[in-house]
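In order, the protein sequence lines correspond to chains A and B.
Per this note's numbering: the first sequence = residues -15 to 399.
Per this note's numbering: the second sequence = residues -15 to 399.
Down below is the structure, laid out as structure tokens.
Number of protein chains: 2
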Amino acid sequence: MNAEILSVGTELLLGNVANTDAQTISEGLSMLGIDVFYHTVVGDNPARVKEAVAIARGRAEIIITTGGLGPTYDDLTKQALAEAFGKKLVFDERSAGRVRAWFGRVAGHTMTENNLQQAYLPEGCEIFDNDWGTAPGCAFFADGVHVLMLPGPPRECYAMFTHRALPYLRKLQDAVIFSRSLRIFGQGESAVESRLRARMEEMKNPSLAPYAKEGEVMLRVTAKAPTEAEAKALVDPVVSDVAAFLGNIVYGTDVNSLEERVFQLLREKGMTLAAAESCTGGLLSEHFTNLPGASDVFLGGVVAYTNPVKEALLGVPHETLEAFGPVSRETAVSMAEGARARLGADIALSVTGFAGPDGDEVGRVYTALAAPDGVFCRRLKLGTGRSRIRTMAALHALDMARRYLTGLPVEIWAE
Amino acid sequence: MNAEILSVGTELLLGNVANTDAQTISEGLSMLGIDVFYHTVVGDNPARVKEAVAIARGRAEIIITTGGLGPTYDDLTKQALAEAFGKKLVFDERSAGRVRAWFGRVAGHTMTENNLQQAYLPEGCEIFDNDWGTAPGCAFFADGVHVLMLPGPPRECYAMFTHRALPYLRKLQDAVIFSRSLRIFGQGESAVESRLRARMEEMKNPSLAPYAKEGEVMLRVTAKAPTEAEAKALVDPVVSDVAAFLGNIVYGTDVNSLEERVFQLLREKGMTLAAAESCTGGLLSEHFTNLPGASDVFLGGVVAYTNPVKEALLGVPHETLEAFGPVSRETAVSMAEGARARLGADIALSVTGFAGPDGDEVGRVYTALAAPDGVFCRRLKLGTGRSRIRTMAALHALDMARRYLTGLPVEIWAE
């Protein structure tokens, strides 16, 4: 089956926001094995929405709309879709009650009557209750096309797609799609792809697909089978085979990020971590504390953006800074040791470097790891771009921790 | 004039990336006063690209394509557009030379012959030299439509749009568009909009438009006139009038963020800042250090994610933590005072709170500001959602600094 995602919202055409709804939905459909052939974005304009719907129904078997629901938009999307498929909008008492209840729960908002417009839904549709906002979504099948309508705000759209649309779409399929992911740090997408090319070409079910994420690579192994158990039985051996073939650049399976993997490893071992950051300026701490439950393993960190702070809070000797400068092996090591001692952590990571934008040495970064059995250091050359350098530096520090905690060599020394 | 943005790339339909190219271009066109009516995304499939081009040329006066250039895609986009408008692709020796030179400059890459495909361009087009990658872009006018083609990688697309497409589009216009922005923290988009409704309705040139950004609001004032001086003369009094009308929730004009405004104020006054973070876990420091030149005013910070770290690194008395708990006015104040003293900063900000996901008190946050003339505190109730709470908490801390540095009252006490 093939799908088109039709997003309604002038804010997208003004460039105020990127169309992350379309991305979220596309990712989900791709995992279900449903091909997305088009994304269309149109503004809050009835004539153009109708035109876009007419085009979509002529070329897609599934149309998923986002946005244009709710009173501010005069329920533009629902009206256009209902009209295109010759359906009336009928008042649904239960949905009206849910809209009223929502306003009752959300303090400080009084419901205006136009909100009840949201309870008008295409006759005979399946209603998608919205537990994350006011406008309900819905789905119907007509003239050979499945139409699904979801709200536009990204948080609502994500939740409604995951908990309402996905179950609806799964029922349309005669097979189960199951996938697992491998995460890689230390080799680029094209290098990983060329190593796996033979496997990727010969495999159809399960399929093997690499995706570049910022600074790392994700490999997804996906199989289709009549039951989940059968699909899983196809996927699991490929995951093991590919993981073994690629070796220790694979940092984890079915994890979301390198920091999550380090978090898991620390928790398994009952160890704690601290951070000392210069050029990453809090990014490393921020990555960790973004994980729910972070305080189980992450004690805290110091952002030492100037030399006096490196001395006062991390105990980096004045002489070290004088003799080697703030961006040096010696300073990185001393920062990591200082953080480990002062925060009382089992291991500590440090980052110091030149993130730019100016200077000859932009991209030169040192990361260090202090542990009970010694201290380790990486010297890196991370190219240009302030934000990219900071991201990569934080990933390298995390990779040191991951490798240390799994007994692998951790040092890198780039000229 | 109205435009359609046609993005070619299977990675968009798979949901690997969001269509940030369309956002970038839409934002630029909107500032030029060119209406964008549609975004279309299509995969690397010749038949569907052709179909999308046929639809776009029937409804748009300007078509801007992104992606599908370069050897990997068989120059899909160029072929489809050239064919649709009856143009031949002709070899451009100069562009071929530039492609060869690019490979000469970029270490580690050898040019394969298929790269010279990129030097075939529609006859009679204006060539957009690509200084940021290999594939040149181009523009031509045919059958009443302006067609502009840009490469897909976001960094290249942004640079090519800014430095090549924008000058081309400006030449088409008989007027100059000039705009300025006001930034607001402390009131939501709908509240700001309702206060400004009368002004927004009566004003056409300049126009006044609010945009919700995460936790804050941006107002853009845009005018169109024969010269930039005339457009500016229309915009400036409106900016002053609206700023005066909205009062001190306007934190700045023509700045990019609250941290940038605080950075400016600190620099003007020759003052330094430090941070002590618990629930924001490094976010506040990260915001500051993301600004080039941050080290002029930002000394560093402590991420104190556990009580012992609050004691050891910030000097929060054990008794304070025992008696009032880590999320309290007393702890927030002590954290800010500790950071100010230990980092030797003129002012220090602190944040402590419950970011969740679990617990009865999720959303309860205290932020404090320690300054030479005293210490100030906010007690906040920030709703739910870990990431949203962290973002809002950091913004409140920054807002305290902004208000303190401009002599405004800084405290808030939410029950």
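The C-beta atom is built at its ideal place from N, Cα and C for all residues, glycine as well.
Comparing alpha-carbon positions, which option in B:Ser318, B:Ile331 and B:Glu198 lies nearest B:Leu379?
-> B:Glu198
For the alpha helix (DSSP H) that contains B:Val222, what are its first and last residues?
-> Glu212 to Leu230
Beta-bridge partners of A:Tyr195, as assigned by DSSP | A:Met202
Return no unless some Cβ of chain B is closer than 9 Å to the Cβ of A:Arg415.
-> A query on residue 415 of chain A cannot be resolved here, the shown segment of chain A reaching from -15 to 399 and no further.
Mark B:Leu366 as exposed unless 16 or more other C-beta atoms lie within 10 angstroms of its C-beta, in which case mark it buried.
-> buried
Find the residues of chain B that neighbour A:Ile39, judging by a C-beta separation of less than 9 Å, and give them in chain order.
-> Ile39
Does DSSP classify B:Pro30 as helix, strand or coil?
-> helix
Beta-carbon proximity list for A:Arg363, same chain, < 6 Å, skipping 5 on both sides | Tyr350, Trp397 and Ala398
Whose C-beta lies closer than 7 Å to the C-beta of B:Leu382 among residues of the same chain, with five residues either side of it excluded?
-> Leu242, Glu243 and Val246
B:Pro292: contacting residues in chain A (beta-carbon distance under 7 Å) = Gly328
What whole-angstrom Cβ distance do A:Glu173 and A:Ala196 have, given they're in contact under 8 Å?
-> 4 Å
Since A:Val25 meets chain B, which of its residues come closer than 7 Å, beta carbon to beta carbon?
-> Tyr22 and His23
Any C-beta of chain A sitting closer than 9 Å to the C-beta of B:Phe87?
-> no
Three-way DSSP call (helix, strand, coil) for A:Asn(-14) in this model | strand
Beta bridge counterpart(s) of B:Leu153 as assigned by DSSP | B:Leu153 pairs with nothing; no bridge assigned.
Of the listed residues B:Ser269, B:Met15 and B:Leu(-4), nearest to A:Gly12 (C-alpha basis) | B:Leu(-4)
Taking only runs of the beta strand (DSSP E) that begin and end inside the region 56 to 89 of chain A, which ones reach a length of at least 3 residues, in chain order?
-> 73 to 75
Burial state of B:Leu297, where buried means 16 or more other Cβ atoms lie within 10 Å = buried
Ignore the nearest five residues each way along the sequence and tell me which others in B:Leu100's own chain have a CB closer than 6 Å to its CB.
-> Ala80
With 9 Å as the threshold, decide whether the Cβ of A:Ser163 is near any Cβ in chain B.
-> no
With burial defined as no fewer than 16 other Cβ atoms inside 10 Å of the residue's Cβ, what is the status of B:Val1: buried or exposed?
-> buried
Which of helix, strand or coil does DSSP assign to B:Met255?
-> coil
Given a cut-off of 9 Å, decide if A:Val223 and A:Leu305 are closer than it, judged by their beta-carbon atoms.
-> no
Return the chain-ordered ranges of every alpha helix (DSSP H) run that is complete within the region -10 to 21 of chain B and spans a minimum of 4 residues.
-> -6 to -3 and 4 to 16
Sequence-distant residues of the same chain with beta carbon closer than 6 Å to A:Gly265, five excluded per side = Val287
Residues that B:Thr4 contacts on chain A, provided the C-beta gap is smaller than 8 Å = Ala2
Return the chain-ordered list of same chain residues with a C-beta closer than 6 Å to the C-beta of B:Arg204, the five sequence neighbours on each side being excluded.
-> Ser163, Ser165 and Ala193
Hey, is B:Ala296's beta-carbon within less than 9 Å of any beta-carbon in chain A?
-> yes
Between the Cα of A:Arg78 and those of A:Asp59, A:Gln63, A:Gln102 and A:Lys71, spot the shortest distance and give me the residue it belongs to.
-> A:Gln102
When you compare only the Cα positions, how much space is there between B:Asp344 and A:Gly(-7)?
-> 36 Å
What did DSSP end up calling A:Val176 once you bin it into helix, strand or coil?
-> helix
A:Leu366 by DSSP, collapsed to three states: which one?
-> coil
Leaving out the 5 sequence neighbours to the left and right, which residues in its chain are closer than 8 Å to A:Ala68 when beta-carbon positions are compared?
-> Lys34, Val37, Ala38 and Arg41
Boundaries (first-last residue) of the alpha helix (DSSP H) holding A:Ala143 = Pro138 to Met144
So A:Leu297 is in the alpha helix (DSSP H); what residue range does that whole segment cover?
-> Asn291 to Leu298
When the Cα atoms are used, what is the spatial distance from A:Tyr289 to A:Pro30?
-> 53 Å
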